[in-house]
Amino acid sequence: MKNRKPLIILVVVIILIAAGWIGWKAYRKDNANPVSGLKPRVEMGIGHISNITDSTIDLSLKLLVHNPLPVELDIKRFDYFVQMNGVTIVEDEYAKPLLIKSQDSTVVSMPAQLKIKKLKAEGDAEAKQGEDSANYHFEGRFTLNKPFLGKDTVTLDVDKRLPLYRLPKVEIVDFDLTKFRLGKSEVMLQLKFSNQNPFPVQFEDPSYVVSLGTQERLAEGSVKGTTKVKGKSSEIYQIPLTVEMGKLLKAAGQVVTKGKSIPFTLYFKTKLVSDNDIFKKSDVNVIVDGELKDLDTVKKNLAK
């Protein structure tokens with residue numbers, strides 16, 4: 001009888017292991033993801049661009065985190081980065097706690113900021129090769145409040161082929177004095193809007209301020225309504241601005257003494273309208289700097 005006891009214990013252990021294995025297989029079959037199995041996974045999508053300046057883009061990243069495990073994930077914080085064709089364009093942290101229940105998902109909206117210079121350099125390089133899409137890679141290192149299977153961090157990543165988004169461009173082409181008055185005169189500003197995306201964009205209620213040399217706010221104005229630019233095209237628009245006589249005379253003196261080397265600055269403010277959710281209702285606050293070297297008509301008209 002004593003010799004049979006170890007055998008009975010062994011049989012019970014084997015039965016428990018087999019039952020656990022069968023239960024795990026059944027759980028995995030019902031809950032595993034075809035791509036990641038029972039490993040937690042992430043899905044990334046760019047939510048919305050909220051503000052564009054001449055150097056940065058403020059945007060929100062939408063992140064879906066799925067937990068197929070039989071235990072909850074209690075996340076303290078996580079660090080993450082996003083790459084476009086191997087170039088890191090966003091690197092930040094999400095410092096809020098996050099609890100994802102067993103067999104559940106949650107969507108996290110993460111505010112982020114990226115440098116336009118990096119995005120533009122990579123976008124231009126891809127566009128020259130005729131590419132309209134890019135490889136995006138998201139990687140996050142999730143720090144857990146409670147260790148799971150001996151680990152206090154979980155690293156998740158995802159790769160996606162998404163459209164190559166490019167920012168609309170605004171350039172000064174020319175401006176010309178059209179109506180000369182003793183009080184206020186009118187300057188006709190010619191702006192070139194370039195849209196390098198395959199979808200159209202519209203500039204809603206744009207406003208403009210132009211400074212010339214040391215003369216701040218030489219001319220300013222706004223246009224009600226929308227200015228539409230088709231996908232992969234450029235359009236030149238004439239924008240009427242008003243300028244006070246005193247400012248005009250001061251600016252004229254600078255043009256006479258400094259000639260074409262005098263700098264100008266365009267302050268451009270608008271809201272983007274687009275069928276594309278990423279650009280829809282995005283604020284644009286752009287500063288365009290330049291010199292009058294290519295704008296001979298400015299010197300000609302202001303020096304009269």
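Oh and the sequence shown: position 245 is 245 in UniProt numbering, straight run, nothing missing. Backbone N, C-alpha and C define an ideal beta-carbon position, used for all residues, glycine too.
Same chain, Cβ closer than 7 Å to residue i, five either side skipped, listed in chain order
i: Glu72; result: Leu99, Ile100, Lys101, Ser102
i: Tyr237; result: Leu191, Phe193, Thr227
i: Arg217; result: Val209, Ser211
i: residue 309; result: In the structure as shown, the chain begins at 1 and stops at 304. Residue 309 is therefore absent and cannot be evaluated.
i: Met104; result: A small correction: the amino acid at residue 104 is Asp; Met does not occupy that position in the sequence shown. Asn67, listed in sequence order.
i: Pro163; result: Asp132, Ser133
i: Gly231; result: Asn195, Asn197, Pro198, Phe199, Pro200
i: Ser233; result: Asn195
i: Asp74; result: Leu99, Leu144, Asn145, Lys146
i: Lys118; result: Val87, Ile89
i: Lys250; result: Gln215
i: Gly45; result: Lys62
i: Ile278; result: Ile46, His48, Ile49, Tyr165
Cβ neighbour criterion (16 or more within 10 Å) applied to residue i
i: Gln215; result: buried
i: Gly246; result: exposed
i: Gly86; result: exposed
i: Pro198; result: exposed
i: Pro70; result: exposed
i: Gly213; result: buried
i: Ala125; result: exposed
Coarse secondary structure for residue i, derived from DSSP in three states
i: Glu72; result: coil
i: Ile167; result: In the sequence under discussion, the amino acid at residue 167 is Leu, which differs from the Ile named in the question. Leu167 falls in the coil class under three-state DSSP.
i: Glu131; result: coil
i: Gly86; result: coil
i: Lys247; result: helix
i: Ala121; result: helix
i: Ile262; result: coil
i: Ile278; result: coil
Neighbourhood of residue i by C-beta, 6 Å cutoff - its chain only, sequence neighbours within 5 removed
i: Asp289; result: Thr265
i: Pro92; result: Checking the sequence, you will find Asp at residue 92 rather than Pro. Correct list, in chain order: Ala112.
i: Pro168; result: Asn195, Val201
i: Ser60; result: Gly47, His48, Ser109, Pro111
i: Asp54; result: Val286, Ile287
i: Pro206; result: Val223, Thr270
i: Pro147; result: none
i: Pro263; result: Glu291
i: Asp152; result: Leu144
i: Thr88; result: Phe81
i: Val154; result: Phe142
i: Lys120; result: none
i: Gly225; result: none
Own chain, CB closer than 8 Å to residue i, minus 5 neighbours either side, in chain order
i: Val42; result: Leu63, Leu64, Val65, His66, Phe138, Gly140, Leu156, Asp157, Val158
i: Asn51; result: Ile57, Asp58, Ser282, Asp283, Val284, Asn285
i: Lys280; result: His48, Leu272, Val273, Ser274
i: Phe78; result: Glu93, Tyr94, Leu98, Gly140, Arg141, Phe142, Thr143
Cβ pair residue i, residue j closer than 8 Å
i: residue 306; j: Arg161; result: Residue 306 is absent from the model: the chain starts at 1 and stops at 304.
i: Val173; j: Lys192; result: yes
i: Val107; j: Phe268; result: no
i: Glu235; j: Val229; result: yes
Residue i CB to nearest heavy atom of the ligand MN below 7 Å
i: Leu61; result: The model depicted lacks the ligand MN and carries no ligand whatsoever.
Is there contact here, the segment 264-276 with the segment 197-212, by at least three beta-carbon pairs under 8 Å? yes
Using 8 Å as the Cβ pair cut-off and three pairs as the minimum, do the segment 126-141 and the segment 105-113 touch? no
Does the segment 74-86 come close enough to the segment 113-130 to have 3 or more Cβ pairs within less than 8 Å? yes
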